[in-house]
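Protein chains: 2
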Amino acid sequence: MTRSESAPLKVALLGCGVVGSQVARQLIEQAEDLRARIGRPLELVGIAVRRLEIERPGIDRALLTDDAFALASRPDVDLVIELLGGIEPARSLILAAIAAGSSVITANKALLAEDGATIYSAAEDAGVDLYYEAAVAGAIPIVRPLRESLVGDEVTAVVGIVNGTTNFILDQMHTEGTDFSTALVQAQQLGLAEADPTADVEGFDAASKAAILASLAFHTRVRLSDVDREGITGVTAADIAAAKERGCVIKLLARCSLSADGSIALGVHPTMVAKAHPLASIPGAYNAIFIESRNAGQLMFMGPGAGGSPTASAVLGDLVTAARNRVRGGLGPGESHYSERGITPAGEISSRYYVSMTVHDEPGVLAAVATSFAEHGVSLQAVRQESQGAEARLGVTTHLAKHHQVIEAIAELDRMPEVHAGISLMRVEGA
Amino acid sequence: MTRSESAPLKVALLGCGVVGSQVARQLIEQAEDLRARIGRPLELVGIAVRRLEIERPGIDRALLTDDAFALASRPDVDLVIELLGGIEPARSLILAAIAAGSSVITANKALLAEDGATIYSAAEDAGVDLYYEAAVAGAIPIVRPLRESLVGDEVTAVVGIVNGTTNFILDQMHTEGTDFSTALVQAQQLGLAEADPTADVEGFDAASKAAILASLAFHTRVRLSDVDREGITGVTAADIAAAKERGCVIKLLARCSLSADGSIALGVHPTMVAKAHPLASIPGAYNAIFIESRNAGQLMFMGPGAGGSPTASAVLGDLVTAARNRVRGGLGPGESHYSERGITPAGEISSRYYVSMTVHDEPGVLAAVATSFAEHGVSLQAVRQESQGAEARLGVTTHLAKHHQVIEAIAELDRMPEVHAGISLMRVEGA
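Below you can see the structure in the form of structure tokens.
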């Protein structure tokens, strides 16, 4: 064996939290397997941390540094793993690593959704790899299937449960009958939600992932700001009960699909999912992604969407792949944004909706409501009316309709004297 | 753009059946997208067929040849797609293509399971790519996730429904109450089963896929003959009813896992799957693969397991990947067989079992049966006895036990006068 065949590939790790410490441990514990799978050994040469003084069991203190820039820029390093999260200093560090000739593995969904183009272009120009399987849906292989397995197909829709925290909360609300705030506290006690849960419960995390998935599926640059977003803080126990009554479960879905004009419709919304749909039965903090494509048909991938070990698995898979590319020569797939599709304006996105309202229980009300929907071009699939004394609860499921049409119909209904306060609407997925 | 950047990569197609004709059509219809995704255009330069005279709608007759060897050996071809199936002439053609410097995409599970080593070695020696996503579970990305996404993890088990024909038949038996032969005829009428259904219903097809999956998951060369195999022809309506009663569904599972001694346990068997297990709800001709790994935890992938369009999607994904490697330089992952694990003998494989038998309904019988299991080291998880006049039906679910232990216990039970004829056993998956 010549020197170059046995010389280790040098790895720098930026960040040593839950995922980073797990990655560092696996690099040591699985060293022999990784060497065999890559063809050369990996050597962890440094770990950048914010605070040197914290005790980190199983991590060699000599590896730690608080000078992340110096570590990321080392010209002798082959592979840099970025696990800091957030926009800065992560972006500058990744760019420094690329400039120094390293391939980069990152789990940073926020950065990729905010300013992926800068990073992808820099990697492409420098001829280094950029892998980010861990940025979406933890251990579930989804970036690689979209980038490679389905690259000869035409993906038409990607619909996913991509945030485990909100899925856990909604699952608790559904199975235990608790309200949102109680379920949130439970999630926090179990370590499934952060002290400040905004990114999860307001749908920002899911929206970042939707932007990344849409970019991959539709070969177009898509950013977080392109995603129509609604969190789950407004979901009430009454909504859950109404969904149950209709044979549905409420899930926070990230939905990316092609509109009729070829533009990309992107949204993150609490959605009533019919029980027969494969996404309806995804429990607890699991994630799942459902894909529709022209030739492959319907595919679904499920697994743990977060957590130190699952995310580390995705990071190490990317690390081995990038390392193999160094050993065997060549590059993995780069960014693909040739199709340059537009983004469908939020009001123009088509969905099916469930609209419920309290009305006077008297003749002619249903006709008035139906007329209002019809006048706004919204056709109804099902109507259900239930008397409650002098009032009735009216539930209407629409066929596919554009958001602005449904909103306009509701605005008109809201002005009708027969309709009382309390019109609510929610998107519907599945038959 | 220089000549080499715009010059097409030349593609040869061996076989033009359901999948091949679909691949040929997609190469034309999606030409512009494929060119953008690869960076250079693809040009289909020839299609090898057995019979030139057959009418093939949408296929240019000028591309057809009945000289497969000449086509596969063309030195100007970059990528050869083998869709003939079977061992010969497929193997010789693939070796000829590799010798001529082409990368190879194949869907040939039988060949890979029978003699994959020859093909993998030839590709590795020649420095060309060998991709075979379509060989297992149709459009479901599973080869790539195992070869790449999970390559930094330790897979401990792969359990799959990898044959759509048998899943359709068992699903029909379960939902319609039909017997095996009626369900088989239905499958044949729907084009889901061949006139000679042996490869499917006797489990050979699933066993080939199990061998390929185990090779990938455990970095060891595994062959079809290593797989303990049982088809579904012996599954009766009574078995289905017994499974239903126990809250289970019978599925033909391909199971690959690590035994306690580090060897690989491999089997294809009709199995009672608990309804709560994600594999239990896979309907009709769908496939699904469930993976357990040390870090990623439990993952599941589902989708259409066969059919022209889904299989073509997998072939085209591989084609684009192999073509990109030609354009960007470098090679995809090769065979990994460094761990050289042994194969667990069939008798030593641990499973949970459901054993049912008819016994005399008299005191002491249950004790005698329980004693017999205990003497062979089989501990029982659950026992269910149901009187039917002078006889009783006894159903026993075991904890994990080795196959030979269960077989020996049953042989002893069979000799007991209290036990009547009709002892049946089936493996159990899930709680």
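Residue numbers (full-length UniProt numbering), protein chains in the order written: chain A, 1 to 431; chain U, 1 to 431.
C-beta atoms are modelled at their ideal positions from N, C-alpha and C, and glycine is treated no differently.
Rounded Cβ spacing between L394 (chain A) and S356 (chain A) (contact assumed at less than 8 Å): 7 Å
Stretch pair the region 133-143 of chain U + the region 298-315 of chain U: three plus CB contacts closer than 8 Å: yes
R35 (chain U) to A306 (chain A) span [Cα, whole Å]: 36 Å
According to DSSP, residues forming a beta bridge with N287 (chain U): U:G303
C-beta atoms of A72 (chain A) and L93 (chain A) nearer than 7 Å: yes
Collapsed DSSP secondary structure at M416 (chain U) in the structure displayed: coil
Cβ neighbour criterion (16 or more within 10 Å) applied to E362 (chain A): exposed
Residue interval of the beta strand (DSSP E) (run including Y353 (chain U)): S350 to H360
Limits of the unbroken beta strand (DSSP E) element including R393 (chain A): E391 to T398
Proximity test, Cβ basis, 7 Å: M1 (chain U) and chain A: No answer about M1 (chain U) holds up, because its pLDDT of 40 lies below 50 and its placement is not dependable.
Straight-line gap, A314 (chain A) to Y131 (chain U) (C-alpha atoms, nearest Å): 22 Å
Closest by C-alpha distance to G127 (chain U), when choosing among U:V155, U:G101 and U:G160: U:G101
Cβ neighbours of F218 (chain A) in the same chain (closer than 8 Å, five flanking residues each side left out): V155, C256, L258, I264, S339 and R341
Within chain A, the residues that Y338 (chain U) reaches when beta carbons sit closer than 7 Å: A36
Euclidean distance between Cα positions of D61 (chain U) and G20 (chain U): The question names Asp, but residue 61 (chain U) is Arg in the sequence shown. So the alpha carbons of these two residues sit roughly 14 Å apart.
Residue range of the unbroken alpha helix (DSSP H) whose run includes G39 (chain A): That residue, G39 (chain A), is in no alpha helix (DSSP H); it is neither H nor E in DSSP.
Chain U contact residues for G15 (chain A), given Cβ-Cβ distances below 8 Å: Near G15 (chain A) there are no residues of chain U at all, since even the closest Cβ is about 17 Å away, more than 8 Å.
Closest by C-alpha distance to V369 (chain U), when choosing among U:I423, U:I343, U:A207 and U:G329: U:I423
Residue environment, I410 (chain A), which counts as buried when at least 16 other CB atoms sit within 10 Å: buried
Distance between A322 (chain A) and T2 (chain U) (C-alpha atoms, nearest Å): Per-residue confidence for T2 (chain U) stands at a pLDDT of 45, beneath the threshold of 50, marking its modelled position as unreliable; the derived number appears in the next sentence. Straight-line Cα distance between these residues: approximately 29 Å.
Same chain, Cβ closer than 6 Å to V18 (chain U), five either side skipped, listed in chain order: G308
Selection from A:Q189, A:D228 and A:D239 that minimises the alpha carbon distance to H174 (chain A): A:D239
Candidates U:V158, U:R246 and U:L216: closest to L112 (chain U) by CA position: U:L216
Inter-residue CB distance, L400 (chain U) and S351 (chain U) (contact presumed, cutoff 8 Å): 7 Å
Cβ of D153 (chain U) within 7 Å of any chain A Cβ: yes
V320 (chain A) burial status per 10 Å Cβ neighbour count (16 or more: buried): buried
Backbone secondary structure at G347 (chain A) - three-state DSSP: helix
Short Cβ contact (7 Å threshold) for T165 (chain A) with L192 (chain A): yes
Any beta strand (DSSP E) of 3 or more consecutive residues that is wholly inside the region 124-186 of chain U: 155-161
Under 7 Å between C-beta atoms of A276 (chain A) and I282 (chain A): no
E133 (chain A) beta carbon near the ligand FMN (any heavy atom closer than 6 Å): In the structure on display, the ligand FMN does not appear, and there are no ligands present to speak of.
Contacting positions in the region 120-144 of chain U - beta carbon closer than 7 Å to chain A: E133, A139, I140, P141 and R144
Cβ neighbour criterion (16 or more within 10 Å) applied to V428 (chain U): buried
The beta strand (DSSP E) enclosing G267 (chain U), as first and last residue numbers: I264 to A274
Opening and closing residue of the alpha helix (DSSP H) in which L79 (chain U) lies: L79 (chain U) -> not in any alpha helix (DSSP H); beta strand (DSSP E) instead, spanning L79 to E82.
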